[in-house]
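K.L.:
Have a look at this one before I ask anything.
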Amino acid sequence: MTDPGTRRVLVVNAGSSSLKYQLVDPDDGTSEASGLVERIGLADGRARHTCSAGTFTTESDVPDHARAMELLTAAFAEHGPDLAAVQLVAVGHRVVHGGADFSQPTLITAEVVETVRRLIPLAPLHNPGNLEGIEVARETFPDVPQVAVFDTAFHQTMPASASTYAVPRAWREEHRVRRYGFHGTSHAYVSRRTAALLGRPLEDVAIVVLHLGNGASATAVDGGRSVATSMGLTPLEGLVMGTRPGDLDPGLAGHLADRAGLTPDDFDRALSKESGLLGLTGSADFREVMERRAQGDADASLAFDVVVHRLLHYVGGYAAVLGRLDALAFTAGIGEHSPELRAEVLTRLAGFGVELDPEANATASGEARITTASSSVAAFVVPTNEEWEIARQAAGVVAG
Ligand code: ADP
């Protein structure tokens with residue numbers, strides 16, 4: 415039952431063709447309602463709303479984000495909870511790219527909207543949808559503060575040594591070419607939870623967080639601050655992902671332009687949508703890759719080995735950057751649900767003071783320590799909760 419005295423944040427994650435939302439209590443992360451409007455701009459849109467009364471789906475024409483927002487408010491009005499009756503302290507928007515302009519969650523003003531618009535060249539696939547979501551939410555909830563929470567913000571603490579690419583000055587100055595990093599909301603949440611599970615102040619600990627979903631990134635967190643991260647100017651760099659390759663030789667672009675006549679568009683598409691697990695095995699889905707590997711499929715087996723090799727490369731590198739390592743944290747779809755991958759990575763790190771607890775790893779569900787009590791580096795599974803982190807940060811901005 416909704417307690418009208420409790421604060422709520424409506425968390426909105428608007429993409430180019432979908433709008434996800436969740437009504438979250440920023441203090442304890444509980445959620446009374448969530449939903450998704452998908453196929454925005456296509457002929458047959460669909461909306462799904464889940465609340466205490468059940469899950470409700472609507473098929474409807476959804477030409478634009480304004481219509482998607484109408485479906486959201488209609489779902490709350492019809493199925494609950496009644497948004498007019500809860501203490502809605504903020505709408506928290508996930509915004510992918512905040513460039514070097516935003517290092518904190520930020521109250522949205524016309525000027526902030528303009529700055530996010532200027533950053534579109536850095537995130538052409540994401541920032542336009544995020545902006546649509548912001549605009550329709552401002553119109554729908556004119557009296558509720560709107561807060562932008564940026565995927566890049568957590569990484570703005572990286573020193574220049576970690577964020578600078580060794581490329582010509584003009585690229586860096588005129589085109590803002592540098593490492594920005596992504597998944598910051600998840601890395602912030604998971605590193606905080608990891609310190610709590612270790613039972614030590616966040617300020618004292620050195621952690622490597624492995625966010626392994628369809629997109630994947632590793633972050634070195636020193637005393638609660640990101641000091642290095644594997645994604646770069648774009649979310650293509652770093653670890654092997656569902657359809658993205660991660661690190662590559664930059665010479666590849668010229669080589670394939672010369673040899674295969676690839677245009678920049680061809681190259682972009684291949685690296686965003688046709689590489690990674692998909693390029694190696696024909697499936698972007700890690701679970702399917704693991705099933706095929708178990709049946710002896712050579713491509714799936716190689717893909718697993720490539721994924722693990724790249725993870726070890728980053729964990730080792732980041733331990734060196736941090737100068738010490740207290741904990742490793744696994745999160746997101748693969749990190750939370752693949753004991754095989756975690757076991758392989760941790761076993762290979764045995765020489766560095768990591769002692770896997772096979773039983774704890776195999777049975778982990780929710781937050782769990784998966785190394786022995788005597789392991790000098792602890793490892794944890796920490797389910798990420800980006801919605802709670804966005805709600806917490808948005809409520810923090812509003813509270814001042
Ligand atoms: P996104 O980045 O889209 O949020 P998720 O965090 O949901 O992605 O992660 C999706 C990935 O997690 C997929 O590759 C999926 O196969 C993998 N995954 C989910 N459950 C399991 C499982 N039980 N075992 C192995 N992989 C899993």
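Under my numbering, the first residue of the sequence shown is numbered 415, with each subsequent residue one higher. We put the CB at the ideal spot given by N, CA and C, even for glycine. Here the structure is a predicted model, which is why all the values come from computation and not from measurement.
Once DSSP output is grouped into helix, strand and coil, what is the label at serine 686?
P.N.:
It is helical.
K.L.:
Excluding the 5 residues flanking arginine 481 on each side, which residues of the same chain have their C-beta closer than 7 Å to its C-beta?
P.N.:
Answer for arginine 481: no residue qualifies.
K.L.:
Excluding five sequence neighbours on each side, which residues of the same chain lie with their C-beta closer than 6 Å to the C-beta of methionine 415?
P.N.:
At methionine 415 the pLDDT is 48, less than 50, meaning the model places this residue with poor confidence and gives no usable figure here.
K.L.:
Which whole-angstrom value describes the C-beta separation of proline 753 and alanine 776, a residue pair presumed to lie in contact below a C-beta threshold of 8 Å?
P.N.:
Going by Cβ atoms, the distance from proline 753 to alanine 776 rounds to 5 Å, so yes, they are a contact pair.
K.L.:
From Thr464, Val563 and Tyr728, pick the residue whose C-alpha is nearest to that of alanine 602; which is it?
P.N.:
Minimum Cα distance to alanine 602 is reached at Val563.
K.L.:
When the Cα atoms are used, what is the spatial distance from valine 510 to glutamate 801?
P.N.:
Computed Cα separation, rounded: 14 Å.
K.L.:
Between the Cα of leucine 760 and those of Val729, His751 and Ala734, spot the shortest distance and give me the residue it belongs to.
P.N.:
With distances taken between Cα atoms, leucine 760 lies closest to Val729.
K.L.:
Quick one: what does DSSP say methionine 415 is sitting in, helix, strand or coil?
P.N.:
With a pLDDT of 48 at methionine 415, under the threshold of 50, the modelled position of this residue cannot be trusted, and the question is left open.
K.L.:
Under three-state DSSP, which class holds histidine 597?
P.N.:
Correct three-state label for histidine 597: coil.
K.L.:
Is any non-hydrogen atom of the ligand ADP found closer than 6 Å to the C-beta of aspartate 565, if you look at the structure I gave you?
P.N.:
Because no heavy atom of the ligand ADP lies under 6 Å away, the Cβ of aspartate 565 does not count as near it: no.
K.L.:
Drop a sphere of 10 angstroms on the beta-carbon of valine 768, count the other beta-carbons inside from all chains shown, and report buried for 16 or more, exposed for fewer.
P.N.:
Buried, because 16 or more other Cβ atoms sit within 10 Å of the Cβ of valine 768.
K.L.:
Whose CB is closer than 6 Å to a heavy atom of the ligand ADP? List the residues in chain order.
P.N.:
Every residue passing the under-6 Å Cβ criterion appears here: Gly627, Asn628, Gly629, Gly656, Asp699, Phe700, Arg701, Met704, Ala746, Gly747, Ile748, His751 and Ser752.
K.L.:
Classify threonine 745 as buried or exposed, calling it buried when 16 or more other Cβ atoms lie within 10 Å of its own Cβ.
P.N.:
By the 10 Å Cβ count, threonine 745 comes out buried.
K.L.:
Along the chain, where does the alpha helix (DSSP H) containing alanine 734 start, and where does it finish?
P.N.:
Alanine 734 -> alpha helix (DSSP H) spans 712 to 736.
K.L.:
Roughly how far, in whole angstroms, is the beta-carbon of valine 561 from the beta-carbon of glycine 506, given that I think they are within contact range, below 8 Å?
P.N.:
The pair is a contact, with the Cβ atoms about 5 Å apart (cut-off 8 Å).
K.L.:
Please go through the stretch 638 to 668 and give each complete beta strand (DSSP E) segment of 3 or more residues, from N-terminal end onward.
P.N.:
Listed in chain order, they are 639 to 643.
K.L.:
With 16 as the cutoff for other CB atoms within 10 Å, does alanine 674 come out buried or exposed?
P.N.:
So alanine 674 counts as exposed.
K.L.:
Would you decide whether glycine 690 is buried or exposed? Buried here means 16 or more other CB atoms lie within 10 Å of its CB.
P.N.:
When all chains shown are included, glycine 690 counts as buried.
K.L.:
Secondary structure at histidine 463, three-state DSSP: helix, strand or coil?
P.N.:
Histidine 463: strand per DSSP, three-state reduction.
K.L.:
What would DSSP say about valine 476, mapped onto helix, strand or coil?
P.N.:
Coil.
K.L.:
Got a sec, what are the start and stop residues for the alpha helix (DSSP H) isoleucine 748 sits in?
P.N.:
Per DSSP, isoleucine 748 belongs to the alpha helix (DSSP H) from 746 to 751.
K.L.:
Pull the bridge partners of glutamine 436 from the DSSP assignment, please.
P.N.:
Beta-bridge pairing links glutamine 436 to Val425 and Ser448.
K.L.:
Is it right to say alanine 792 is buried, meaning 16 or more other beta carbons lie within 10 angstroms of its own, or is it exposed?
P.N.:
When all chains shown are included, alanine 792 counts as buried.
K.L.:
Of the choices Gly696, Phe766 and Gly459, whose alpha-carbon is the least far from that of threonine 785?
P.N.:
For threonine 785, the nearest C-alpha among the options comes from Phe766.
K.L.:
Is there contact here, the stretch 652 to 662 with the stretch 730 to 739, by at least three beta-carbon pairs under 8 Å?
P.N.:
No: the two stretches stay apart, fewer than three of their Cβ pairs being nearer than 8 Å.
K.L.:
Could you compute how far the alpha carbon of histidine 669 sits from the alpha carbon of arginine 531?
P.N.:
Each residue's alpha carbon lies about 34 Å from the other.
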